[in-house]
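Q:
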Amino acid sequence: MSRRTAKVNKFVKRKNRRKLIRTILQFIVLIAVGYWIVNALTTINEYEEGDRASWSNTKQFIAVSYFGVARSATSDHMAKAELGAQLKALKDHGYETISQQDIIDFYEKGSPLPDKALYLAFEDGRNDSALFSTKLLEKYNYKATMLSYASKMGSKQGKFLQPKELLSMTKKGFWELGSNGYRLAYINILDKDERYFPLLTQEEFYNKQDAFYYTHYLMDYIRDVYDIPLETKTEMQERIQFDYDEMERIYTSKLGYVPGTYMIMHADTLYNGMESAVEEVNDRNIRELFNLHFNREGKLLNTAGADRYDLTRVQPAPYWRTNHLLMKLSLDIGEDVSFVLGDEQEAEAWDIDGGVAEFQPEEIALTTRPGEAATMKLKDLKHADNFSLKLTIGGHSSGVQLVKLGAAADGSVKLQLRVENEHVYVEQLYANGEVERLLGVRGKDAALGDIPVELQMVNGQMTVAIDNELVMEQEQIDPAITNWNMELEAYSLQEENRWEDEGDHIYDGVFKAITLSNLDSNGQVTEQVYSNKLEAWDKLVFTIKSTYNSLIDWAIVTF
Numbered sequence: 001m002s003r004r005t006a007k008v009n010k011f012v013k014r015k016n017r018r019k020l021i022r023t024i025l026q027f028i029v030l031i032a033v034g035y036w037i038v039n040a041l042t043t044i045n046e047y048e049e050g051d052r053a054s055w056s057n058t059k060q061f062i063a064v065s066y067f068g069v070a071r072s073a074t075s076d077h078m079a080k081a082e083l084g085a086q087l088k089a090l091k092d093h094g095y096e097t098i099s100q101q102d103i104i105d106f107y108e109k110g111s112p113l114p115d116k117a118l119y120l121a122f123e124d125g126r127n128d129s130a131l132f133s134t135k136l137l138e139k140y141n142y143k144a145t146m147l148s149y150a151s152k153m154g155s156k157q158g159k160f161l162q163p164k165e166l167l168s169m170t171k172k173g174f175w176e177l178g179s180n181g182y183r184l185a186y187i188n189i190l191d192k193d194e195r196y197f198p199l200l201t202q203e204e205f206y207n208k209q210d211a212f213y214y215t216h217y218l219m220d221y222i223r224d225v226y227d228i229p230l231e232t233k234t235e236m237q238e239r240i241q242f243d244y245d246e247m248e249r250i251y252t253s254k255l256g257y258v259p260g261t262y263m264i265m266h267a268d269t270l271y272n273g274m275e276s277a278v279e280e281v282n283d284r285n286i287r288e289l290f291n292l293h294f295n296r297e298g299k300l301l302n303t304a305g306a307d308r309y310d311l312t313r314v315q316p317a318p319y320w321r322t323n324h325l326l327m328k329l330s331l332d333i334g335e336d337v338s339f340v341l342g343d344e345q346e347a348e349a350w351d352i353d354g355g356v357a358e359f360q361p362e363e364i365a366l367t368t369r370p371g372e373a374a375t376m377k378l379k380d381l382k383h384a385d386n387f388s389l390k391l392t393i394g395g396h397s398s399g400v401q402l403v404k405l406g407a408a409a410d411g412s413v414k415l416q417l418r419v420e421n422e423h424v425y426v427e428q429l430y431a432n433g434e435v436e437r438l439l440g441v442r443g444k445d446a447a448l449g450d451i452p453v454e455l456q457m458v459n460g461q462m463t464v465a466i467d468n469e470l471v472m473e474q475e476q477i478d479p480a481i482t483n484w485n486m487e488l489e490a491y492s493l494q495e496e497n498r499w500e501d502e503g504d505h506i507y508d509g510v511f512k513a514i515t516l517s518n519l520d521s522n523g524q525v526t527e528q529v530y531s532n533k534l535e536a537w538d539k540l541v542f543t544i545k546s547t548y549n550s551l552i553d554w555a556i557v558t559f
């Protein structure tokens with residue numbers, strides 16, 4: 001064998017060895033990913049009932065119901081990560097879940113419940129809600145009710161759970177079944193353009209937030225634009241009766257029984273001044289078909305003196321942070337709770353007043369107390385007259401978020417950046433009540449969208465960019481402003497906060513990726529004063545972890 005041939009053979013062997021190693025590694029990765037996906041989709045354990053002999057609570061329980069769960073937050077659905085954080089907080093506070101039968105026995109027989117009893121539910125019967133919440137129920141040994149619409153039984157829309165899936169979910173004990181009704185439809189709609197629609201389906205009425213008025217299908221007579229009924233009493237009764245008859249027929253046919261819990265759409269109308277004839281036909285059917293009815297929304301506490309056909313639950317909005325739910329819990333039960341802090345080292349940099357804050361990687365969620373403003377201010381802050389501030393403001397449009405930048409030594413004028421109703425304002429506030437608006441532009445098009453803001457103060461002039469677009473350039477600031485600070489504030493817009501009961505008005509201001517730097521007279525950075533952005537290795541680890549979780553979630557939904 002020639003020397004050249006030997007070299008070729010050695011090269012081929014080395015190449016084949018590398019291919020083999022690469023193939024083995026790829027196989028290991030595929031096996032690992034497959035295991036993680038199967039583990040994420042499979043319920044391994046069974047629900048373990050609590051020790052009923054130790055139950056002694058004969059006074060009350062709380063009820064929490066989620067509209068739905070998705071990989072990331074939408075206008076209707078909560079992010080999986082936030083759901084996990086909220087369930088963990090409830091578990092850490094000692095809450096144990098109870099079943100539908102536990103509640104029935106509580107009211108009918110006076111049977112006790114756990115000291116901290118929680119009834120948990122998920123509405124709308126969506127596939128993704130089950131996919132993303134089941135493993136969390138297993139993790140915390142929690143039982144929940146999955147509600148559905150009877151009209152979706154047999155639906156070809158893949159996003160809704162079907163009878164076979166619903167029944168399968170109940171086998172391990174983590175799930176029970178309930179109903180939101182026969183259909184989701186709307187009547188007596190007056191939209192923002194003052195157009196009137198007697199009846200619209202869920203698909204036809206997708207912009208509910210822009211409507212002046214609407215109600216749900218079972219809540220009233222169908223009326224004309226002048227509020228005059230378009231149907232007789234008998235026609236109304238037959239229309240509503242049809243939905244209850246269909247519920248009974250479909251559920252009995254597809255599931256073998258009618259689920260025990262009902263949550264009518266929409267809440268807080270029945271037994272609350274509606275037309276008596278409409279109320280009668282609903283009430284009679286509900287009591288005949290169901291064992292429990294969560295008719296109300298906004299309060300989470302149910303007491304022993306309540307009617308089991310007029311129970312209440314709280315529906316956390318997709319933008320609620322964990323401390324928002326805990327603040328609501330404290331308000332409704334009248335007891336102190338332990339709020340979630342997050343990164344303790346990061347929290348040490350701030351003084352907080354009027355609320356609580358949670359510090360997560362590159363994010364601060366500032367939660368107000370009911371009906372109050374919450375503020376947080378950097379401690380021992382000393383920054384130059386020339387400075388830059390970069391941050392992303394991410395709170396929901398149901399509240400106001402402020403960045404207070406500076407003031408005159410005598411308090412005669414203050415400078416602030418304000419985000420309200422998706423708009424960004426830069427304002428100078430004078431002691432006599434005058435407000436000078438230096439900037440007012442739309443910052444985003446969606447209530448849940450983030451607003452990246454960058455501002456520079458150089459030689460007494462301010463420049464502002466939003467999402468890398470210049471919106472204010474070298475605007476002269478009142479020279480009396482010489483005391484510079486960094487204070488964040490948040491409060492609820494009470495008239496806009498449709499998710500809250502009157503008087504609750506808790507709000508989460510969200511401030512992300514904050515960097516405050518000193519500049520020279522040419523606008524160049526001389527010193528970083530504060531930043532909550534991850535750096536180097538921490539950023540890499542966080543990115544890898546986030547990417548991995550996103551890939552697993554994508555695989556769960558896709559396969």
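In terms of full-length UniProt numbering, the sequence shown has 54 at position 54, counting the first letter as 1, and numbering is strictly consecutive.
The beta-carbon is built from N, C-alpha and C at its ideal position, and this holds for glycine as well.
This structure is a prediction, so every number in the text was calculated from the model and none was measured.
(1) Given a threshold of 16 other Cβ atoms within 10 Å of its Cβ, counted over all protein chains shown, does A431 qualify as buried or as exposed?
(2) Determine, using beta carbons only, whether E475 and L438 come nearer to each other than 9 Å.
(3) When you compare the CB positions of Y47 and G173, do they come within less than 9 Å of one another, or not?
(4) Quick check: the Cα distance between L341 and F359, rounded to an integer number of angstroms?
(5) What is the DSSP secondary structure of G503, counted as helix, strand or coil?
(6) Can you tell me the Cα-Cα spacing of L381 and V225, whole angstroms?
(7) Check whether the Cβ atoms of Y140 and L87 sit closer than 9 Å, and answer yes or no.
(8) Label E500 either buried or exposed according to how many other C-beta atoms from any shown protein chain fall within 10 Å of its C-beta, with 16 as the threshold for buried.
(9) Would you grab the beta carbon distance between K328 and I506 for me? Rounded to a whole angstrom, and I think it's under 8 Å.
(10) Around the C-beta of G503, are 16 or more other C-beta atoms found within 10 angstroms, so that it is buried, or is it exposed?
(11) Kindly indicate which three-state DSSP category G256 falls into: helix, strand or coil?
(12) Given a threshold of 16 other Cβ atoms within 10 Å of its Cβ, counted over all protein chains shown, does I514 qualify as buried or as exposed?
(13) Counting along the chain, where does the beta strand (DSSP E) carrying A349 start and finish?
(14) Which of the three DSSP states, helix, strand or coil, is assigned to Y217?
(15) Are the beta-carbon atoms belonging to residue 561 and L326 less than 9 Å from one another?
(16) In terms of residues, what are the limits of the beta strand (DSSP E) holding I466?
(17) Hey, out of R418, S388, L405, N386, whose CA is closest to G399's CA?
(18) Comparing C-alpha positions only, which one of E489, A85, A70, F242 sits nearest to G394?
(19) Around the C-beta of Y262, are 16 or more other C-beta atoms found within 10 angstroms, so that it is buried, or is it exposed?
(20) Please say whether L331 and L311 have beta carbons closer to each other than 9 Å?
(21) On the CB-based measure, 16 or more other CB atoms within 10 Å of its CB, does L20 come out buried or exposed?
(22) Between F132 and A70, what straight-line distance do the alpha-carbon atoms span, to the nearest angstrom?
(23) Taking H324 as part of the alpha helix (DSSP H), name the residues at either end of that continuous run.
(24) Using only the alpha-carbon positions, how far apart do F387 and E372 sit?
(25) Kindly indicate the opening and closing residues of the alpha helix (DSSP H) around L230.
(26) Which of the three DSSP states, helix, strand or coil, is assigned to R437?
(27) Could you give the distance in angstroms between the alpha-carbon of S129 and the alpha-carbon of G68?
(28) Return helix, strand or coil for V278, following the three-state DSSP convention.
(29) Give the DSSP bridge partners of N302, in chain order.
(30) Within the region 77 to 134, note down every full beta strand (DSSP E) run reaching 3 residues or more, in order along the chain.
(31) Give a yes or no on whether the C-beta atoms belonging to N485 and K377 are separated by under 9 Å.
(32) By the three-class DSSP mapping on this structure, what secondary structure does D268 have?
(33) Measure the Cβ-Cβ separation of H216 and I264 and say whether it is below 9 Å.
(34) With the cut-off set at 9 Å, would you say I466 and G443 are in Cβ contact?
(35) At 3 residues or longer, what runs of the beta strand (DSSP E) sit wholly inside the region 393 to 423?
(36) Provide the residue(s) that pair with R313 in DSSP beta bridges, ordered along the chain.
A: By the coordinates alone:
(1) In summary, A431 is exposed, with fewer than 16 beta-carbon neighbours lying within 10 Å of its beta-carbon over all protein chains present.
(2) Yes.
(3) Remark: C-beta atoms of Y47 and G173 approach each other more closely than 9 Å.
(4) Rounded to whole angstroms, L341 to F359 spans 6 Å at the Cα level.
(5) Residue confidence is low: G503 scores 49 on pLDDT, short of 50, so the model does not pin down where it sits. Its coordinate-derived value is still stated next. The answer is coil: DSSP assigns G503 none of H, G, I, E or B.
(6) Put simply, the backbone Cα of L381 is about 59 Å away from that of V225.
(7) Taking 9 Å as the cut-off, the Cβ atoms of Y140 and L87 count as close.
(8) Residue placement at E500 is flagged as unreliable, the pLDDT there being 46, under the threshold of 50; the coordinate-derived value follows with that caveat. Label assigned to E500: buried.
(9) That belief holds up - the Cβ atoms of K328 and I506 are roughly 6 Å apart, short of 8 Å.
(10) Interpretation of G503 is limited by its pLDDT of 49, a score under 50 that renders its predicted location unreliable; the figure taken from the coordinates is listed afterwards. With fewer than 16 other Cβ atoms within 10 Å, it is exposed.
(11) Correct three-state label for G256: coil.
(12) Counting every other CB atom within 10 Å of its CB across the protein chains shown gives I514 a total of 16 or more, marking it as buried.
(13) Counting along the chain, A349 falls outside any beta strand (DSSP E), and DSSP gives it neither H nor E.
(14) Looking at Y217 - three-state DSSP - the assignment turns out to be coil, as it is neither helix nor strand.
(15) With the chain running from 1 to 559 in the structure shown, residue 561 is simply not present.
(16) That run of the beta strand (DSSP E) goes 461 to 466.
(17) The residue from R418, S388, L405, N386 with its alpha-carbon nearest to that of G399 is R418.
(18) Among E489, A85, A70, F242, the Cα nearest to that of G394 belongs to E489.
(19) In summary, Y262 is buried, with 16 or more beta-carbon neighbours lying within 10 Å of its beta-carbon over all protein chains present.
(20) Taking a C-beta distance under 9 Å as the contact criterion, L311 and L331 do not qualify as a contact pair.
(21) Counting Cβ neighbours within 10 Å, L20 comes out exposed, since fewer than 16 surround it.
(22) Going from the Cα of F132 to the Cα of A70 covers about 7 Å.
(23) Going by DSSP, H324 is part of the alpha helix (DSSP H) stretching over 322 to 333.
(24) Distance between the alpha carbons of F387 and E372: 31 Å.
(25) Counting along the chain, L230 falls outside any alpha helix (DSSP H), and DSSP gives it neither H nor E.
(26) Strand.
(27) About 5 Å.
(28) Helix at V278.
(29) Answer is F61.
(30) Every beta strand (DSSP E) stretch that sits fully inside the region 77 to 134 and reaches 3 residues is listed by chain position as 117 to 122.
(31) With contacts defined by Cβ atoms closer than 9 Å, N485 and K377 form a contacting pair.
(32) Coil, per DSSP.
(33) If you check the CB distance, H216 and I264 come in under 9 Å.
(34) Result yes, Cβ atoms of I466 and G443 sit closer than 9 Å.
(35) Segments of the beta strand (DSSP E) lying fully in the region 393 to 423: 399 to 408, 413 to 420.
(36) As a beta-bridge residue in DSSP terms, R313 pairs with E297.
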